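Residue numbers (this note's numbering), protein chains in the order written: chain A, 39 to 551; chain B, 1265 to 1411.
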């Protein structure tokens, strides 16, 4: 048993207290340790993804306890892809935080950042539902601190909303877990998947309620309408690097839905028949529409991006809620794209804010470094709105193609295409007000030109844009890989046998249970 | 006993949800605490209710309590305790900072209107705040009187 797979959780867990205890007064040392840690994580994550790419499922039994009793970490293709995405995103976001000086505008940014990464990595890697709850809490507690980093009244207020909403979500999660445990007597995902098939189809009330509650919890995390109300304020008011890192947090919800509702409660399972798609698809389509309308109607650039994130989550959820191997593959491709595009846009909003002092969508004098910022915004907006030639367009095509055989294809096509058009209009309106109309507004004589944002900020944004372009250029390879991921999800026997049949300290003979 | 525990969970959840739907942070936090009590009891009961039996499974023992929900509920208690402390501190900071403890978004002044009208909207929200205050305080004093 190799120990590499625990490192994405343990490394940040060691770094964070070290940063608090040993380096709390030295921002330079904090920065060095944080960057080196995240860079090492990215390398480890790449190694794990490479290890899983041939279909092997890596199992890690904590304390060597065998699966249904002990907690396990499982690295399959899906988990390791998400871990790699998190590590790479975190690296560029951290560079931006250092370049723009956000990490020095309050205390403990780097420690909280590491804890946040620890929670996200753990949530992707765990093979146990209660452990998933614990890692959700770890990432949430860190995100509360990051969200109100550097303070301010508006931010604190948005923070209160965010914390309260997520506390309610956690309570709901516990209700769902209690119901699942009462029905099946296990919380290990692989074990649970085998036990739900043994439930008598005549007595499915309890497990159905539990499944719906769990879906609700994950939908809150994924900000699916009507459970999206926490997102616009929190993302718009959070510091830019934090908002960019939060781009992966909505994907944690989407990941959990994919994991649980393809493996544990697969679409052809009798006891939860009719649960998939019945509610999720309409809700996802409404999220998509609402995101587009929000993009068109936003008065501030940061809210506009927050609504664009809701819209792109809607797009991901449309693909997920079809629950076919083709659609899950398309959803995963689009999920990677939307994480990168959302993060790029949040960082660009901060570049605009540091030049203009505000992000209201009203004409104002041109900002320092406007040409480069405008070019980056142009690329980010094209990616987010899903225009050719960038990966948003390819992802959208894949999703439309996946929905072709579905009964609701007309609705999917109509909503996706109209929402794209509306968000294109919204983005071009915002871009022309902020960057073009600025040329016609003269700067007052007595006002000094604000400083150009630091080069490191541009490097970070440019790195993410380069990743987006790579995601487009290598779309064929990436899509082949996401197809392999969804094939692994829909044929989970290897996963189950790895988790349940690996002997540990308390190995149970097969016939004994 | 099942009826007692079940109705206790139900009442706690119902009052928790009622309080969560209020507009101000203090009742909402109380509501969240009630909900966590409810969910802790619920988790505890998810391993079936047994009286006077040890949480140990051995050969020949047929009457035992399920130890796992007890471990789960301990984790849940610790997490909810910490979370409540965090949310109290953050909302206290927000209240002291903006002198307003509403949970919902404040009415944003339109950037294109003049400063005068902004002052007006602020006065309006203050009047709203005072109007909201009165129905809130009255039941409190009544409850205090009867107790």
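For glycine and all other residues, C-beta sits at the position ideal for the given N, C-alpha and C. This one's a predicted model, so the numbers in the text were calculated from it and none came from an experiment.
Around the C-beta of residue i, are 16 or more other C-beta atoms found within 10 angstroms, so that it is buried, or is it exposed?
i, result
"residue 202 of chain A", "buried"
"residue 366 of chain A", "buried"
"residue 1381 of chain B", "Note that residue 1381 of chain B scores 42 on pLDDT, short of 50, meaning its location in the model is unreliable; the coordinates nonetheless yield the value given after this. Exposed."
"residue 1282 of chain B", "exposed"
"residue 1328 of chain B", "exposed"
"residue 1326 of chain B", "exposed"
"residue 43 of chain A", "buried"
"residue 1363 of chain B", "exposed"
"residue 1277 of chain B", "buried"
"residue 1386 of chain B", "Residue confidence for residue 1386 of chain B is low, a pLDDT of 45 falling below 50, so the modelled location carries little weight and cannot support an answer."
"residue 552 of chain A", "Here chain A comprises residues numbered 39 to 551, so residue 552 of chain A is not present and cannot be evaluated."
"residue 268 of chain A", "buried"
"residue 266 of chain A", "buried"
"residue 238 of chain A", "exposed"
Just grab the DSSP bridge partners of residue i for me.
i, result
"residue 1288 of chain B", "B/1366"
"residue 97 of chain A", "A/112"
"residue 1330 of chain B", "Looking at the DSSP assignment, residue 1330 of chain B forms no beta bridge with any residue, so it has no partner."
"residue 164 of chain A", "A/111"
"residue 338 of chain A", "A/398"
"residue 226 of chain A", "A/166"
Measuring alpha carbon to alpha carbon, tell me which residue in the options is nearest residue i.
i, options, result
"residue 63 of chain A", "A/145, A/126, A/84", "A/145"
"residue 1320 of chain B", "B/1268, B/1276, B/1336, B/1331", "B/1331"
"residue 512 of chain A", "A/371, A/379, A/424", "A/371"
"residue 528 of chain A", "A/167, A/303, A/350", "A/303"
"residue 86 of chain A", "A/106, A/59, A/116", "A/116"
"residue 52 of chain A", "A/124, A/98, A/107, A/155", "A/155"
"residue 359 of chain A", "A/287, A/260, A/275", "A/260"
"residue 464 of chain A", "A/346, A/510, A/126", "A/346"
"residue 296 of chain A", "A/469, A/540, A/354, A/122", "A/354"
"residue 186 of chain A", "B/1272, B/1298, B/1358", "B/1358"
"residue 456 of chain A", "A/438, A/428, A/173", "A/438"
"residue 236 of chain A", "A/310, A/197, A/191", "A/310"
"residue 82 of chain A", "A/55, A/119, A/101, A/102", "A/119"
"residue 379 of chain A", "A/167, A/509, A/449, A/161", "A/509"
"residue 199 of chain A", "B/1289, B/1272, B/1279, B/1277", "B/1289"
"residue 518 of chain A", "A/433, A/482, A/496", "A/433"
"residue 446 of chain A", "A/269, A/315, A/239", "A/315"
"residue 1308 of chain B", "A/150, A/215, A/137, A/181", "A/215"
"residue 503 of chain A", "A/376, A/459, A/449, A/461", "A/376"
"residue 341 of chain A", "A/290, A/402, A/270", "A/270"
"residue 477 of chain A", "A/393, A/230, A/408", "A/408"
"residue 436 of chain A", "A/122, A/50, A/363, A/494", "A/363"
"residue 1349 of chain B", "A/179, A/93, A/448", "A/179"
"residue 152 of chain A", "A/183, A/139, A/293", "A/183"
Between the alpha carbons of residue i and residue j, how many angstroms are there, rounded?
i, j, result
"residue 204 of chain A", "residue 534 of chain A", "31 Å"
"residue 13 of chain A", "residue 395 of chain A", "Residue 13 of chain A is absent from the structure shown; chain A starts at 39 and stops at 551."
"residue 1268 of chain B", "residue 318 of chain A", "36 Å"
"residue 132 of chain A", "residue 324 of chain A", "34 Å"
"residue 159 of chain A", "residue 175 of chain A", "13 Å"
"residue 500 of chain A", "residue 246 of chain A", "46 Å"
"residue 541 of chain A", "residue 1322 of chain B", "21 Å"
"residue 47 of chain A", "residue 157 of chain A", "7 Å"
"residue 283 of chain A", "residue 98 of chain A", "27 Å"
"residue 507 of chain A", "residue 369 of chain A", "18 Å"
"residue 337 of chain A", "residue 1334 of chain B", "50 Å"
"residue 471 of chain A", "residue 331 of chain A", "18 Å"
"residue 605 of chain A", "residue 525 of chain A", "The structure shown does not extend to residue 605 of chain A, since chain A is modelled only from 39 to 551, so the question has no answer here."
"residue 1306 of chain B", "residue 1294 of chain B", "18 Å"
"residue 113 of chain A", "residue 90 of chain A", "7 Å"
"residue 411 of chain A", "residue 243 of chain A", "55 Å"
"residue 252 of chain A", "residue 521 of chain A", "26 Å"
"residue 45 of chain A", "residue 72 of chain A", "15 Å"
"residue 349 of chain A", "residue 417 of chain A", "18 Å"
"residue 543 of chain A", "residue 103 of chain A", "5 Å"
"residue 306 of chain A", "residue 254 of chain A", "20 Å"
"residue 181 of chain A", "residue 402 of chain A", "33 Å"
"residue 404 of chain A", "residue 1344 of chain B", "48 Å"
"residue 1312 of chain B", "residue 224 of chain A", "14 Å"
"residue 61 of chain A", "residue 88 of chain A", "34 Å"
"residue 208 of chain A", "residue 171 of chain A", "8 Å"
Does the structure place the segment 413-431 of chain A close enough to the segment 462-479 of chain A that three or more beta carbon pairs sit under 8 Å?
The segment 462-479 of chain A makes contact with the segment 413-431 of chain A; the number of CB pairs closer than 8 Å reaches 3 or more.
Would you say the segment 272-280 of chain A touches the segment 385-395 of chain A, given that touching needs at least three Cβ pairs under 8 Å?
At 8 Å Cβ cutoff, the stretches touch.
So, do the segment 67-81 of chain A and the segment 101-109 of chain A have three or more beta carbon pairs nearer to each other than 8 Å?
No, the segment 67-81 of chain A does not touch the segment 101-109 of chain A.
Are the segment 165-182 of chain A and the segment 210-222 of chain A touching by the rule of at least three beta carbon pairs closer than 8 Å?
Enough Cβ pairs lie closer than 8 Å, so yes.
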